[in-house]
Each structure stands twice: as C-alpha cells, then as structure tokens.
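S.K.: One structure, as structure tokens, below. Some questions next.
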Amino acid sequence: MRTKHIMYKPTGVCSQVIDVTADENDVILQVFFIGGCNGNLQGISSLVRGQKIDDVISRLQGIRCGTKRTSCPDQLCEALKELRAAPLED
C-alpha cells in the first residue's frame, strides 16, 4: 500500500506540529500532535483514524477554540488539505 505523509506547522493554536499519514485512498492512518492539550488531541487522533480525509474536513473545519479564530481540529483540517495534495510515497 502506498501512503502520503506530512508534518504541518499549525498557526494560532497551542500545538506545534501535526504529523499525519494517509493511504492511497485518502484514508487517515495516523495523526500525532506535538504540543497542545494532550488528552483531547489523542482523542481527536483516535476518532479520525480510519476516516476519509474529506469526511473529517467536513466535520471539523471551522471549529474555534474560545475567542481564537481557529482550533487544533480546524488546523488538522488545514493539514489534511495539504496531505490530500501530497504525492504518494512507495
């Protein structure tokens, strides 16, 4: 199975890096957040594993954290948009 992988630097949130991998069918295989609210981000990572990129984007895009214009779930969507366009690796 071929995969694609990126390490995304989010902006406007506490997490510092989102490391995400998907398969050739745009199914999310793994998500790791570095920094941020550990328990919540582990939960998000677990919930999106096995989901299609577009399904996750449609559910999480636009979520805000308090008065911030974005959130870790919203930044994950930005990472997933980049991942969707990333080249497949062997």
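Residue numbering for the sequence shown follows my numbering, beginning at 1189 and increasing consecutively. Virtual Cβ for every residue (Gly too), placed ideally from N, Cα, C.
1) Just the Cα atoms here: how many angstroms apart are L1229 and S1259?
2) Suppose contacts are defined by Cβ-Cβ distances below 8 Å. Is T1191 in contact with D1211 by that definition?
3) I need the DSSP call for I1232, collapsed to helix, strand or coil.
4) Taking all protein chains shown into account, do 16 or more other C-beta atoms lie within 10 angstroms of the C-beta of S1203, making it buried, or fewer, making it exposed?
5) I need the straight-line Cα distance from P1198 to L1264, nearest angstrom please.
6) Output yes or no for whether 8 Å exceeds the beta carbon distance between V1219 and S1233.
M.R.: For this structure:
1) 11 Å
2) Yes, Cβ-Cβ distance for T1191 and D1211 is below 8 Å.
3) helix
4) buried
5) When rounded, the distance between both Cα atoms is 8 Å.
6) yes
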